[in-house]
Amino acid sequence: MNAEAWEAAFALMSDHGQGVACGIVADGMEKADEMPVYRAWEAIADCLNSVAFNGVTEH
13 MNAEAWEAAF
23 ALMSDHGQGV
33 ACGIVADGME
43 KADEMPVYRA
53 WEAIADCLNS
63 VAFNGVTEH
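Residue numbering for the sequence shown follows my numbering, beginning at 13 and increasing consecutively.
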């Protein structure tokens, strides 16, 4: 996962919360009409999934 994806993931979570951020990313992935755009959303989704997984396993 690249730094840009992490920055985008944390910005989305900061602005909207984790749940809404996941919805925004899912919507972006659905609407992506080019593979590079889809891959960018996918990278952000991977970051959000990592945050969610670590939050569950740490507590």
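Backbone N, C-alpha and C fix where the C-beta goes; we use that ideal spot for every residue, glycine too.
- Unbroken alpha helix (DSSP H) run spanning E19, endpoints: 15 to 28
- Message: Taking the alpha-carbon of E42 as reference, which of W53, N66, F22 has the nearest alpha-carbon?
- Response: W53
- Any idea if A64 is buried or exposed, counting beta-carbon neighbours within 10 angstroms, 16 or more meaning buried? exposed
- Roughly how many angstroms lie between the CA atoms of V32 and N61, to the nearest whole one? 13 Å
- Query: According to the Cβ coordinates, are A23 and C59 closer than 7 Å?
  - Reply: no
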